[in-house]
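Rendered as structure tokens:
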């Protein structure tokens, strides 16, 4: 599954990142690299863009870029 | 004339005063409280200028230390040295000493936000490659404590190879004295020879820089290897040969993009450091935090967004009125006093009708502008403006832009000039230019007076449901501006500026209470820029219009004998008739009649046409020009001016201001680009005349066409 498939409130570990998209590299510079834990904070009305939280930061990105991040979910039940 | 509208404050002389002092660059991630720290350290001893050649603002200030002082340069926030936006490039070029005319700093004060040390440490590791004396100010330390974050300062210093770290709170002032003491010795700080996060890269670059000689600093080689600086990349291949460089690259980066590998390597190290030095206590969420979290949810946030917009517009219109009335009456009284003291002659008319009426007609908007900017600054400093980008991204996507264009477009409601500068955060040049061309369509505060005048005169003050008809028309005009702007963006993005779909990525800051001093300083800056404009370009235009309207004088001055007992109205009527006759044969009147045919298809007579032409350099002057032209004397207070407008007739007796003509004129003002300062800003931001000329021709044509269609179609009925 990819980052785009997480529901709001779910956390996941970033497994593999497809670095061919230049937008993805800019996200990596902001700290979205392999092995960190991220949380889907919010999804805008209409399902896009997404807000991802990690290490106290919130980054907003579009689904298109989120699909380049393979993740594994950490807790399956979305917390409130 | 256009050059004089530049909103920069000269810094000549400052360099000489501070020449002996060490110059320290203040650098950090965006939203780390960097500017607040800058204000705290320098107080009001600061200047604002532009970096040579670009409009990125350069804030410089003096920090008074015990026995010495140093020069602090505040730079735009960056996340890394590989940034692509204009702001980031400038910050990086300044600290690397690549900006001509700006001396390379002799040390760095790096601002790291204690609640975001993850990204802070990444940038820090890159900065250590510069081998400059460096010191860290760990800001937001009280916010970190409130969030249950504890940081082991000594451990952090050790991880950074002995770089001094000073925890500070810019809000309470804790730790500032210690930081200042440390700053006295900043240039003596020893930076680690090899930063800990990626020793292979640092060592490779260090060896090469020794091999290649003094022209090559380590950071130049790193940027060449990372391919993050096009200039150095080619130069390094020329020096070492392509094969050697390719070999180095494949050893360091494998097959992955170098910058991605750098992020991976350095963040891996940052993660281990954070595990060592930071303790995050589990924390129950406080009420305030929960409230903020709730308002970040998509639906509440959208509702809140419209509520905030409504509040801002309401405030701009109602709060400013008392102040505006005060300025208005002060101006007219000053004018009357001048005429009374100096007598009725060319000089008193020049001062009262030219300078005071002209410049005053613009200064009257200062309260509105300050209120608008106050809101925008508060929204910015609480982090809310960045949130709106997240909310509006979806809408902007339909016109081919991203949420990053939202902030510039929203601030265009105040003034297009700062908003065009705010587009610098947009990384893609095509998206940036599309946003720059859309921004002048938004209803800026200078359009308000002409809207207010025409609406008050020609739209009935009736209620439609629970809304007021005049308010509705005004709202429709704002909408018209938005439609024009978004339509332009859509058109450009699907033709001349067609490109890949924009990425949208933005760090969303959390809610913060704005710092009062920072807000005050920013507001003061904006007010000063506005007044400076009023004092330069508008001053010149006012004098020009007055000269054209005042000369040549009528050959026979009809002597108005004021009979004892004649009422004030009679006297004023006579005065007004005389000014009207004078106006007709003045240069302005002659010019007006020459250009009348151009605007006749829109239903405008020579008076309206010349007011419009006079308004091209700055639309603010239109009301003042109309006031003079319609012979109500210099104090064109709206009420009597609107009566004059209603009474204005063509030679054959038909009224000039019919509903189709007024609606057409409003459309013309909504879309026409009548602002030299905007054009000058577009020229500087796009580095050429191509886009400003396009913007002017395009906006003027669609404004004219809109007015033409409305008048012609409307007049059929």
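Protein chains in written order, with this note's numbering: chain A, 49 to 128; chain B, 5 to 721.
Glycine included, every Cβ here is placed at the ideal spot set by N, Cα and C.
Between the segment 163-176 of chain B and the segment 37-46 of chain B, do three or more beta carbon pairs fall short of 8 Å?
yes
Quick one, which residues of the segment 292-303 of chain B are near chain A if we go by CB-CB under 8 Å, in chain order?
Shown in chain order are the members of the segment 292-303 of chain B whose Cβ falls below 8 Å from a Cβ of chain A: 300, 301, 302, 303.
Distance, residue 197 of chain B Cα to residue 412 of chain B Cα
Roughly 42 Å between the two C-alpha positions.
Report the neighbours of residue 275 of chain B on chain A: residues whose CB is nearer than 8 Å to its CB, in chain order.
83, 84
Burial state of residue 558 of chain B, where buried means 16 or more other Cβ atoms lie within 10 Å:
exposed
Does the beta carbon of residue 73 of chain A come closer than 8 Å to any beta carbon on chain B?
yes
Spatial neighbours of residue 50 of chain A within its chain, please: C-beta separation below 8 Å, excluding the five flanking residues on both sides.
114, 115, 116, 117, 118, 119
Proximity test, Cβ basis, 8 Å: residue 267 of chain B and chain A
For residue 267 of chain B, the nearest CB of chain A lies under 8 Å from its own CB, placing it at the interface with that chain.
Which residues in chain B sit within 7 Å of residue 77 of chain A, going by Cβ to Cβ distance?
83, 84, 86, 263, 267
If contact is defined by three or more beta carbon pairs under 8 Å, each pair taking one atom from either stretch, is the segment 367-381 of chain B in contact with the segment 408-424 of chain B?
yes
Would you identify the three-state DSSP class for residue 324 of chain B, choosing helix, strand or coil?
coil
At the level of alpha carbons, what is the spacing between residue 440 of chain B and residue 684 of chain B?
12 Å
Would you say the segment 268-285 of chain B touches the segment 157-165 of chain B, given that touching needs at least three Cβ pairs under 8 Å?
yes
Check whether the segment 66-82 of chain B touches the segment 25-38 of chain B, taking contact to mean three or more Cβ pairs, one atom from each stretch, closer than 8 Å.
yes
Alpha carbon to alpha carbon, what distance is there between residue 70 of chain B and residue 179 of chain B?
Residue 179 of chain B and residue 70 of chain B have their C-alpha atoms spaced approximately 16 Å apart.
Could you tell me whether any Cβ in chain A is nearer than 8 Å to the Cβ of residue 511 of chain B?
It does: the Cβ of residue 511 of chain B has a partner Cβ on chain A nearer than 8 Å.
Between the Cα of residue 666 of chain B and the Cα atoms of B:498, B:456, B:148, which residue gives the shortest distance?
B:456
Rounding to the nearest angstrom, what Cα-Cα distance links residue 97 of chain B and residue 51 of chain B in this structure?
20 Å
Can you check the segment 117-161 of chain B for any alpha helix (DSSP H) of at least 4 residues that lies completely inside it and give the ranges in chain order?
121-132, 145-150
Neighbour flag for residue 67 of chain A against chain B, beta carbons, 8 Å:
yes
Look up residue 28 of chain B in the DSSP assignment and give the residues it is bridged to.
B:76, B:111
Relative to the alpha-carbon of residue 517 of chain B, which residue among B:88, B:688, B:144 has its alpha-carbon at the smallest distance?
Comparing Cα positions, the closest option is B:144.
Based on the DSSP secondary-structure assignment, which residues constitute the bridge partners of residue 106 of chain A?
A:101
Quick one: grab the DSSP three-state call for residue 90 of chain B.
helix
Cβ closer than 8 Å: which chain B residues qualify as neighbours of residue 92 of chain A?
302, 394, 395, 397, 398
Residue 195 of chain B - containing alpha helix (DSSP H), residue span:
If you look at residue 195 of chain B, you'll find it isn't in any alpha helix (DSSP H); DSSP assigns it neither H nor E.
Under 9 Å Cβ-Cβ, which residues of chain A neighbour residue 120 of chain B?
103, 104, 105
At a CB distance below 7 Å, what residues from the segment 341-375 of chain B approach chain A? Give them in sequence order.
None of the residues of the segment 341-375 of chain B has a beta carbon lying less than 7 Å from any beta carbon of chain A.
Measuring only between beta-carbons, confirm whether residue 99 of chain A sits less than 8 Å from chain B.
yes
Output the distance between the C-alpha atoms of residue 594 of chain B and residue 698 of chain B, rounded to the nearest integer angstrom.
30 Å
Look up residue 424 of chain B in the DSSP assignment and give the residues it is bridged to.
Answer is none; residue 424 of chain B lacks a bridge partner.
Residues of chain A with a CB under 8 Å from the CB of residue 682 of chain B: which are they?
The contacting residues do not exist; residue 682 of chain B stays about 29 Å from chain A at best.
Is residue 50 of chain A helix, strand or coil when you go by DSSP?
strand
Less than 8 Å between the C-beta atoms of residue 110 of chain A and residue 97 of chain A, yes or no?
yes
Partners in chain A for residue 407 of chain B, counting only beta-carbon separations shorter than 8 Å
97, 108
For residue 259 of chain B, count the other beta carbons within 10 Å of its own beta carbon; 16 or more makes it buried, fewer makes it exposed. Which is it?
Per the 10 Å Cβ criterion, exposed.
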